[in-house]
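Residue numbers (the numbering used here): 1022 to 1184.
Every residue, glycine too, gets a C-beta built ideally from N, C-alpha and C.
Quick notes on the structure that follows.
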């Protein structure tokens, strides 16, 4: 539903601004994660299962995703609002530029927490999905537009060590 929500919001923005001179840029954030995050996304669900000591069952172990810390997204949005003309593109994709498989990120988290991967999560892949990667669309990347300040390791550490 994420894509539908984006389209709905864009249509509403266009509708609301149709009789006013109002400029806006479309931001496409990557998979956002951070401390105290709740919801159905992969990392918050894994965090909840670890807290509740319940095994998680998931699909798509080899699917690669780009993860970006919520603080970096917030800082970027602040920069965009305070320096709007500096960002030439109408469509901005905020990303870390680093794709990692869901199984690999699960291993990192389990190592950090001193847990056994097989006791925490079971990947029940019904189809081979080695090629089903989320690709970063080159159309939305501008050189030096956005550089994440929070490394994946630092972000994962802050999110999962307190759990």
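Worksheet item: Leaving out the 5 sequence neighbours to the left and right, which residues in its chain are closer than 7 Å to residue 1177 when beta-carbon positions are compared?
Response: Cβ neighbours of residue 1177 beyond the five flanking positions: 1129, 1130, 1133.
Practice item. From the DSSP output, read off the bridge partner residues of residue 1028. Key: For residue 1028, which the question treats as bridged, DSSP gives no partner whatsoever.
Q. Can you give the Cα-Cα distance for residue 1138 and residue 1170, rounded to whole angstroms?
A. Here the C-alpha atom of residue 1138 lies approximately 28 Å from the C-alpha atom of residue 1170.
Quiz prompt | residue 1082 vs residue 1181 beta-carbon contact at 8 Å | solution = No. Outside cutoff.
* Asked: What are the boundary residues of the alpha helix (DSSP H) that residue 1096 is part of?
  -> 1091-1103
Report task. State the Cα-Cα distance for the pair residue 1111 and residue 1073, rounded to the nearest angstrom. Result -> 43 Å
Are any of the Cβ atoms in chain D nearer than 8 Å to that of residue 1053? Of the protein chains in this structure there is only one, and it is not chain D.
### Query
Is the region 1050-1058 close to the region 1087-1106, with three or more CB pairs under 8 Å?
yes
Query raised in the report: Whole-angstrom Cβ separation of residue 1102 and residue 1167, contact assumed at under 8 Å?
Result: Not quite, the Cβ-Cβ distance comes to about 14 Å (not below 8 Å), so this is no contact.
Exercise. The alpha helix (DSSP H) with residue 1168 in it runs from where to where?
Worked result: Segment: none, residue 1168 is in no alpha helix (DSSP H) and carries neither H nor E.
(request) Taking only the alpha-carbon atoms, compute the straight-line gap between residue 1172 and residue 1040 and give it to the nearest angstrom. (result) 43 Å
ask   = Taking Cβ positions, are residue 1146 and residue 1080 nearer each other than 8 Å?
value = yes
Task: When 1183, 1141, 1117 are compared against residue 1078, the one with the closest alpha-carbon - done: 1141
Burial state of residue 1028, where buried means 16 or more other Cβ atoms lie within 10 Å: exposed
Quiz item: Which value, in whole angstroms, describes the spacing of the CA atoms of residue 1092 and residue 1063?
Solution: 18 Å
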